[in-house]
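**Student:** So that we are looking at the same thing, I have put the structure below in structure tokens.
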Amino acid sequence: MSKPKLLTISGSLRKGSFNRMLLAEAVKAFGEADVTSADLNLPLYDGDLEDANGVPQSVQTLAEQIKNADALVLSSPEYNKGITGVLKNALDWVSRVGGMPFKGKPTAVMSANAGRTGGETGQFMVLSCLTPLQAQIIAGPLLCVAGAGNEFDEAGNLTNDHYLKVLRGKMEALRAAI
Ligand SMILES: Cc1cc2nc3c(=O)[nH]c(=O)nc-3n(C[C@H](O)[C@H](O)[C@H](O)COP(=O)(O)O)c2cc1C
Numbered sequence: 021m022s023k024p025k026l027l028t029i030s031g032s033l034r035k036g037s038f039n040r041m042l043l044a045e046a047v048k049a050f051g052e053a054d055v056t057s058a059d060l061n062l063p064l065y066d067g068d069l070e071d072a073n074g075v076p077q078s079v080q081t082l083a084e085q086i087k088n089a090d091a092l093v094l095s096s097p098e099y100n101k102g103i104t105g106v107l108k109n110a111l112d113w114v115s116r117v118g119g120m121p122f123k124g125k126p127t128a129v130m131s132a133n134a135g136r137t138g139g140e141t142g143q144f145m146v147l148s149c150l151t152p153l154q155a156q157i158i159a160g161p162l163l164c165v166a167g168a169g170n171e172f173d174e175a176g177n178l179t180n181d182h183y184l185k186v187l188r189g190k191m192e193a194l195r196a197a198i
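For the sequence shown, the positions run 21 to 198 when this note's numbering is used.
Now the structure itself:
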């Protein structure tokens, strides 16, 4: 049997992003998979741009990656207690592509943040934004890595046993949902 296709989506564009580190850890916990990493570095959504030129190629690529994936894992920081502009912009663009790419797609959501709540408030906003897109959210304990600067070692590995346990449970459930 071919390996499941897993798409990782980071709500932070930063190379050294803790959310990218968390995604790398999620991929390890998921097990064998063909992994693709989404690029959310897209133009800002602008209805005039869409009218003039259609949906940009970078957005079409992202929508195709979502459609082709067996499962999605999305990790995003909160910015000022909300969804990052980068992630919201990507969701808005993808919603303009036909075929409802997120519909029924098993999706695990998590967050890592510098603050004490690990991005919980922003994560709820992400979940709320995914609702009209009809993603199939993996239910279960929230994974909100708080004080992220202290939870990864120099190689980017998550070191906290509690978070690792929640992450493994989530990824097991994601794999089972395919
Ligand atoms: C614009 C902005 C807003 C932020 N707002 C929050 C916040 O609401 N809560 C929080 O815990 N950290 C906040 N932070 C700090 C982030 O948690 C920290 O920069 C984190 O490393 C971002 O995730 P990343 O490492 O994946 O880029 C904010 C950072 C930025 C740049």
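Even glycine gets a Cβ: it sits at the ideal position worked out from N, Cα and C.
Computed from a prediction, not measured in an experiment: that's the story for all the values here.
Quick check: what's the CA-CA separation for Lys87 versus Met130?
**Tutor:** Looking up residue 87 in the sequence shown gives position 67. Looking up residue 130 in the sequence shown gives position 110. Going from the Cα of Lys87 to the Cα of Met130 covers about 21 Å.
**Student:** For the structure I just gave you, are there three or more beta carbon pairs, one from the region 137–147 and one from the region 96–108, closer than 8 Å?
**Tutor:** yes
**Student:** Residues in its own chain within less than 7 Å of Ala83 by CB, not counting five upstream and five downstream?
**Tutor:** Here the question's residue 83 lines up with position 63 in the sequence shown. Correct list, in chain order: Val114, Val117, Pro121.
**Student:** Could you tell me whether the region 23–32 touches the region 150–168, where touching means 3 or more Cβ pairs closer than 8 Å?
**Tutor:** The region 23–32 vs the region 150–168: no contact.
**Student:** DSSP three-state call for Gln154: helix, strand or coil?
**Tutor:** To locate residue 154, count along the sequence shown from 1; it is residue 134. In the structure shown, Gln154 sits in coil (DSSP, three-state: anything other than H, G, I, E or B).
**Student:** Looking at Gly139 and ligand 1, is the gap between the Cβ and the nearest heavy atom below 7 Å?
**Tutor:** On the sequence shown, position 119 is the one that residue 139 refers to. Yes.
**Student:** Which stretch, first to last residue, makes up the beta strand (DSSP E) that contains Ala128?
**Tutor:** As a position in the sequence shown, residue 128 is number 108, starting the count at 1. Element bounds for Ala128: 126–132.
**Student:** Looking only at its chain, what residues have a beta carbon closer than 8 Å to the beta carbon of Gln156, apart from the 5 residues adjacent to it on each side?
**Tutor:** What you label residue 156 is simply residue 136 of the sequence shown in a count that begins at 1. The answer, listed in chain order, is Gly124, Lys125, Pro126, Thr127, Ala197.
**Student:** Would you kindly work out how many angstroms separate the C-alpha atoms of Ser30 and Leu150, rounded to a whole number?
**Tutor:** Along the sequence shown, one-based indexing puts residue 30 at 10. Along the sequence shown, one-based indexing puts residue 150 at 130. Distance between the alpha carbons of Ser30 and Leu150: 14 Å.
**Student:** Residues in the same chain with beta-carbon distance under 7 Å from Leu184, minus the five sequence neighbours each way, listed in chain order, please.
**Tutor:** For the purposes of this step, residue 184 is taken as the residue at position 164 of the sequence shown. Residues of the same chain with a CB within less than 7 Å of the CB of Leu184, apart from the 5 flanking positions on each side, are Leu178 in chain order.
**Student:** Looking at the strands, I want to know which residues DSSP matches up with Phe172.
**Tutor:** As a first step, residue 172 must be located in the sequence shown, where it is residue number 152. Note: Phe172 sits in a beta bridge opposite Leu178.
**Student:** Going straight from the alpha carbon of Phe172 to that of Arg136, what length do you get?
**Tutor:** Position 152 of the sequence shown holds residue 172. Position 116 of the sequence shown holds residue 136. Their backbone Cα atoms lie some 15 Å apart in a straight line.
**Student:** Could you name the residues, in chain order, whose CB is less than 5 Å away from a heavy atom belonging to ligand 1?
**Tutor:** Counting every residue whose Cβ lies closer than 5 Å to a heavy atom of ligand 1, we get Ser32, Arg34, Ser37, Phe38, Asn39, Pro97, Glu98, Tyr99, Asn100, Lys101, Asn133, Ala134, Gly135.
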